[in-house]
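Have a look at the structure below, then the notes.
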Amino acid sequence: MDNKVLNNLSYGVYVVTTVDGQRPVGCVANCAMQITYDTMCVSINHDNYTNSCIKKSKKFAVSILGEHVNDNIIPVFGFQSSKDIDKFENIKTINVDGLEVIEDSVGYIICELVNQFETETHTVFEGKMTEAKLLKDDVPMTYSYYHQVKKGKSPKAAPTYQEETPAADKVAYRCKICGYIYEGDITKEPDTYVCPICKKDKSFFEKIV
Ligand code: FE
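Residue numbering for the sequence shown follows this note's numbering, starting at 1430 and increasing by one per position.
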């Protein structure tokens, strides 16, 4: 199967948020779509903490990211786990019906969970949309824009994840968090070097043989 064909499907880039008790949690998702007049679906990997929290809270919010979104939002929400850090610590959000939505987004949609089904790797959540609001005049980011213009990557849990391989004759390192490939000898970089995608330091890179 030529997986490159799949890059031609249209995806957006979203932050899906919910709550773990009273604490907000969330992650980046690229599969979100309106399916009827007042319902939409999002697909969240079983390994994402947000998945189990939506099952308990029975509600979620979808913040639509624009092309000019703050550069911190995708690294924080896409490549780290709400289990380990408070993703909301340095990100401006607005509380709507008990859910935090990203202030620097094109807009948000609030959903009540009405249905769900399991695939081998992901849960597809169907939500009834109860509220929606535009926040910013920006072009919604497509996954293709994120990939081609922002040089973004997919975390391993994303449906769009594709493993990259460096040229066989070159020394290269792969970021264990986001999959970014550094071609050359990363040990010659200063200690302040961070992954351009997920902002992790050099210690997160492993040499590819
Ligand atoms: Fe990285």
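Positions of the beta carbon are idealized from the N, C-alpha and C atoms, including for glycine.
Residue 1436 sits in a helix when the DSSP states are folded into three classes. For the region 1490 to 1574, the continuous beta strand (DSSP E) assignments of 3+ residues that do not extend past its boundaries occur at 1522 to 1525, 1528 to 1531, 1536 to 1547, 1551 to 1563, in sequence order. Secondary structure at residue 1590: coil, using DSSP grouped into helix, strand and coil.
Secondary structure note for residue 1637: it is in no alpha helix (DSSP H), and the uninterrupted beta strand (DSSP E) holding it is 1634 to 1637. Rounded to whole angstroms, the separation of the alpha carbons of residue 1561 and residue 1432 is 34 Å.
Residue pairing from DSSP leaves residue 1479 without any beta-bridge partner. Taking C-beta atoms as the reference points, residue 1520 and residue 1505 count as a pair closer than 8 Å. Residue 1522 holds the alpha-carbon nearest to the alpha-carbon of residue 1490 among 1522, 1464, 1637.
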